[in-house]
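Position one of the sequence shown corresponds to residue 67 (my numbering), numbered consecutively onward. Read the structure below first, then the notes.
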Amino acid sequence: MSEPISRRALILQEAAHLFREKGYPGANLRELARRSGIQGGSIYHHFASKQEILFQLMDNTMSDMIERLSERLIDSQTPYEKLRTTVYFHIEYHVTGPDQTYITDDELRNLEPENYLRVVAKRDRYQKIIEEIMLAGKTEEGWRLAEPKLYTRALIKMCAGVATWFNPDGDMSITQVAEAYADLLCNGLLPR
67 MSEPISRRAL
77 ILQEAAHLFR
87 EKGYPGANLR
97 ELARRSGIQG
107 GSIYHHFASK
117 QEILFQLMDN
127 TMSDMIERLS
137 ERLIDSQTPY
147 EKLRTTVYFH
157 IEYHVTGPDQ
167 TYITDDELRN
177 LEPENYLRVV
187 AKRDRYQKII
197 EEIMLAGKTE
207 EGWRLAEPKL
217 YTRALIKMCA
227 GVATWFNPDG
237 DMSITQVAEA
247 YADLLCNGLL
257 PR
(Lines of atoms letter the chains of each structure in order from A; the text may use other names.)
(Lines give C-alpha, C1' and ligand atoms only; values in the text may rest on other atoms or scores of the structure.)
Protein backbone atom coordinates (compact mmCIF):
# COMPACT_ATOMS: atom_id res chain seq x y z
CA MET A 67 0.00 0.00 0.00
CA SER A 68 1.42 3.40 -0.92
CA GLU A 69 1.60 6.31 1.49
CA PRO A 70 -0.91 9.15 1.03
CA ILE A 71 0.52 12.12 -0.84
CA SER A 72 1.08 15.27 1.22
CA ARG A 73 -0.94 18.39 0.41
CA ARG A 74 2.25 20.21 -0.64
CA ALA A 75 3.22 17.35 -3.00
CA LEU A 76 -0.31 17.28 -4.41
CA ILE A 77 -0.17 21.01 -5.13
CA LEU A 78 3.16 20.56 -6.93
CA GLN A 79 1.78 17.65 -8.93
CA GLU A 80 -1.29 19.63 -9.97
CA ALA A 81 0.87 22.68 -10.72
CA ALA A 82 2.99 20.60 -13.10
CA HIS A 83 -0.18 19.51 -14.95
CA LEU A 84 -1.57 23.06 -15.02
CA PHE A 85 1.70 24.75 -16.06
CA ARG A 86 2.18 22.21 -18.85
CA GLU A 87 -1.41 22.63 -20.02
CA LYS A 88 -1.62 26.44 -19.87
CA GLY A 89 1.97 27.56 -19.59
CA TYR A 90 3.30 29.22 -16.46
CA PRO A 91 2.10 32.75 -17.40
CA GLY A 92 -1.40 31.48 -18.27
CA ALA A 93 -1.92 29.47 -15.08
CA ASN A 94 -3.49 31.05 -12.00
CA LEU A 95 -3.43 30.04 -8.35
CA ARG A 96 -7.22 29.99 -8.03
CA GLU A 97 -7.46 27.19 -10.58
CA LEU A 98 -4.50 25.41 -9.00
CA ALA A 99 -6.23 25.49 -5.62
CA ARG A 100 -9.43 24.11 -7.14
CA ARG A 101 -7.55 21.29 -8.86
CA SER A 102 -5.74 20.55 -5.59
CA GLY A 103 -9.02 20.34 -3.67
CA ILE A 104 -8.37 23.32 -1.39
CA GLN A 105 -9.67 26.87 -0.94
CA GLY A 106 -7.97 29.56 -3.03
CA GLY A 107 -6.10 31.24 -0.18
CA SER A 108 -4.93 27.93 1.25
CA ILE A 109 -2.18 27.74 -1.37
CA TYR A 110 -0.38 30.42 0.66
CA HIS A 111 -0.19 28.09 3.65
CA HIS A 112 2.15 25.93 1.56
CA PHE A 113 3.84 28.35 -0.88
CA ALA A 114 4.52 32.08 -0.82
CA SER A 115 3.89 32.59 -4.54
CA LYS A 116 3.37 31.04 -7.95
CA GLN A 117 7.09 31.65 -8.58
CA GLU A 118 7.98 29.56 -5.52
CA ILE A 119 5.83 26.72 -6.86
CA LEU A 120 7.56 26.85 -10.25
CA PHE A 121 10.99 26.96 -8.64
CA GLN A 122 10.16 24.13 -6.25
CA LEU A 123 8.92 21.95 -9.12
CA MET A 124 12.11 22.46 -11.10
CA ASP A 125 14.45 22.23 -8.12
CA ASN A 126 12.83 19.01 -6.90
CA THR A 127 12.97 17.49 -10.37
CA MET A 128 16.66 18.28 -10.87
CA SER A 129 17.58 17.07 -7.37
CA ASP A 130 15.66 13.85 -7.94
CA MET A 131 17.30 13.28 -11.33
CA ILE A 132 20.81 13.80 -9.92
CA GLU A 133 20.16 11.52 -6.95
CA ARG A 134 18.48 8.73 -8.89
CA LEU A 135 20.98 8.69 -11.76
CA SER A 136 23.88 8.64 -9.28
CA GLU A 137 22.28 5.67 -7.48
CA ARG A 138 21.78 3.77 -10.74
CA LEU A 139 25.37 4.34 -11.82
CA ILE A 140 26.80 2.69 -8.69
CA ASP A 141 26.49 -0.80 -10.20
CA SER A 142 27.89 0.18 -13.61
CA GLN A 143 31.65 -0.33 -13.98
CA THR A 144 32.74 0.73 -17.46
CA PRO A 145 31.94 3.93 -19.34
CA TYR A 146 29.97 1.80 -21.83
CA GLU A 147 27.80 0.36 -19.01
CA LYS A 148 27.40 3.80 -17.45
CA LEU A 149 26.30 5.36 -20.73
CA ARG A 150 23.71 2.63 -21.30
CA THR A 151 22.44 3.05 -17.72
CA THR A 152 22.20 6.82 -18.26
CA VAL A 153 20.23 6.43 -21.50
CA TYR A 154 17.79 4.01 -19.84
CA PHE A 155 17.37 6.26 -16.82
CA HIS A 156 16.88 9.49 -18.78
CA ILE A 157 14.27 8.02 -21.11
CA GLU A 158 12.39 6.26 -18.32
CA TYR A 159 12.41 9.37 -16.11
CA HIS A 160 11.05 11.60 -18.87
CA VAL A 161 8.38 9.14 -19.99
CA THR A 162 7.10 8.41 -16.46
CA GLY A 163 7.20 12.03 -15.22
CA PRO A 164 6.35 14.04 -18.32
CA ASP A 165 4.71 17.04 -16.62
CA GLN A 166 7.59 17.68 -14.21
CA THR A 167 10.27 17.12 -16.82
CA TYR A 168 8.46 19.21 -19.42
CA ILE A 169 8.17 22.12 -16.99
CA THR A 170 11.82 21.79 -16.00
CA ASP A 171 12.89 21.75 -19.65
CA ASP A 172 10.50 24.40 -20.98
CA GLU A 173 9.79 27.00 -18.28
CA LEU A 174 13.29 28.11 -17.26
CA ARG A 175 12.68 31.48 -18.91
CA ASN A 176 9.93 32.19 -16.37
CA LEU A 177 12.12 31.82 -13.30
CA GLU A 178 13.29 34.91 -11.46
CA PRO A 179 17.06 35.42 -11.81
CA GLU A 180 18.09 33.93 -8.46
CA ASN A 181 15.87 30.86 -8.94
CA TYR A 182 17.05 30.52 -12.52
CA LEU A 183 20.69 30.38 -11.42
CA ARG A 184 19.93 27.75 -8.77
CA VAL A 185 18.08 25.46 -11.19
CA VAL A 186 20.68 25.90 -13.93
CA ALA A 187 23.43 25.01 -11.43
CA LYS A 188 21.67 21.70 -10.74
CA ARG A 189 21.07 21.11 -14.44
CA ASP A 190 24.79 21.68 -15.00
CA ARG A 191 25.62 19.15 -12.25
CA TYR A 192 23.41 16.57 -13.96
CA GLN A 193 25.04 17.28 -17.33
CA LYS A 194 28.49 17.03 -15.72
CA ILE A 195 27.75 13.46 -14.57
CA ILE A 196 27.05 12.49 -18.17
CA GLU A 197 29.93 14.51 -19.58
CA GLU A 198 32.34 12.71 -17.21
CA ILE A 199 31.05 9.37 -18.53
CA MET A 200 31.71 10.60 -22.07
CA LEU A 201 35.25 11.71 -21.19
CA ALA A 202 35.96 8.39 -19.44
CA GLY A 203 34.76 6.57 -22.56
CA LYS A 204 37.12 8.61 -24.71
CA THR A 205 40.07 7.95 -22.40
CA GLU A 206 39.39 4.34 -21.40
CA GLU A 207 37.56 2.92 -24.43
CA GLY A 208 38.73 5.12 -27.29
CA TRP A 209 35.34 6.69 -28.07
CA ARG A 210 35.32 9.12 -30.98
CA LEU A 211 34.38 12.21 -29.06
CA ALA A 212 35.40 15.63 -30.34
CA GLU A 213 32.97 17.74 -28.28
CA PRO A 214 31.95 16.15 -24.94
CA LYS A 215 29.58 19.01 -23.97
CA LEU A 216 27.83 18.88 -27.34
CA TYR A 217 27.46 15.09 -27.23
CA THR A 218 26.14 15.31 -23.68
CA ARG A 219 23.52 17.88 -24.65
CA ALA A 220 22.55 15.82 -27.71
CA LEU A 221 22.09 12.70 -25.56
CA ILE A 222 19.96 14.58 -23.04
CA LYS A 223 17.69 16.16 -25.66
CA MET A 224 17.40 12.99 -27.73
CA CYS A 225 16.40 10.87 -24.73
CA ALA A 226 14.06 13.52 -23.26
CA GLY A 227 12.30 13.74 -26.62
CA VAL A 228 10.98 10.20 -26.27
CA ALA A 229 8.35 11.54 -23.85
CA THR A 230 6.78 13.57 -26.67
CA TRP A 231 5.93 10.54 -28.82
CA PHE A 232 6.10 7.41 -26.64
CA ASN A 233 2.88 5.42 -26.40
CA PRO A 234 2.74 2.80 -23.61
CA ASP A 235 0.25 0.83 -25.73
CA GLY A 236 2.49 1.05 -28.81
CA ASP A 237 4.73 -1.53 -30.42
CA MET A 238 7.73 -0.93 -28.13
CA SER A 239 8.18 -0.83 -24.37
CA ILE A 240 10.25 1.84 -22.61
CA THR A 241 12.98 -0.78 -22.21
CA GLN A 242 12.99 -1.58 -25.93
CA VAL A 243 13.15 2.10 -26.87
CA ALA A 244 15.95 2.70 -24.35
CA GLU A 245 17.84 -0.31 -25.72
CA ALA A 246 17.57 1.01 -29.30
CA TYR A 247 18.69 4.51 -28.26
CA ALA A 248 21.58 3.10 -26.20
CA ASP A 249 22.71 1.02 -29.19
CA LEU A 250 22.53 4.06 -31.46
CA LEU A 251 24.55 6.24 -29.08
CA CYS A 252 27.09 3.62 -28.04
CA ASN A 253 27.74 2.32 -31.54
CA GLY A 254 28.16 5.84 -32.83
CA LEU A 255 30.91 6.49 -30.29
CA LEU A 256 32.89 3.30 -30.83
CA PRO A 257 36.30 3.60 -32.46
CA ARG A 258 36.47 2.56 -36.12
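Every residue gets a Cβ at the ideal spot worked out from N, C-alpha and C, and that includes glycine.
Would you decide whether residue i is buried or exposed? Buried here means 16 or more other CB atoms lie within 10 Å of its CB.
i       : result
His-111 : exposed
Pro-179 : exposed
Thr-218 : buried
Gln-166 : buried
Met-131 : buried
Met-67  : Because Met-67 carries a pLDDT of 49, less than 50, the predicted location of this residue cannot be relied on, and no value is offered for it.
Arg-134 : exposed
Using only alpha-carbon positions, find the residue among the options that is nearest to residue i.
i       : options                            : result
His-83  : Thr-170, Lys-194, Val-153          : Thr-170
Thr-230 : Leu-211, Glu-97, Gly-163           : Gly-163
Ala-212 : Val-161, Val-153, Gly-254, Val-243 : Gly-254
Glu-245 : Arg-100, Pro-234, Cys-225          : Cys-225
For residue i, which residues in the same chain have their Cβ closer than 6 Å to its Cβ, ignoring the five residues on either side in sequence?
i       : result
Ile-119 : Ala-81, Phe-113
Pro-214 : Glu-197, Met-200, Leu-201
Arg-96  : Gly-106
By Cβ distance, which residues of its chain are closer than 7 Å to residue i, with the 5 residues on each side in sequence left out?
i       : result
Lys-148 : Leu-139, Ser-142, Ile-199
Ser-239 : none
Val-228 : Ile-157, His-160, Val-161, Val-243
Pro-145 : Ile-199, Ala-202, Gly-203, Glu-206, Glu-207
Considering only residues of the same chain and omitting the five flanking positions on each side of residue i, which have a CB-CB separation below 8 Å?
i       : result
Gln-122 : Leu-78, Phe-113
Whole runs of the beta strand (DSSP E) within the region 115-175, excluding any shorter than 3 residues: Correct list: empty.
Within the region 71-105, ranges of the alpha helix (DSSP H) (whole runs, at least 4 residues): Within the region 71-105, the complete alpha helix (DSSP H) runs of at least 4 residues are 73-88, 95-102.
Segments of 4+ residues assigned as alpha helix (DSSP H) that fall wholly inside the region 216-246: The region 216-246 contains these whole alpha helix (DSSP H) runs: 228-231.
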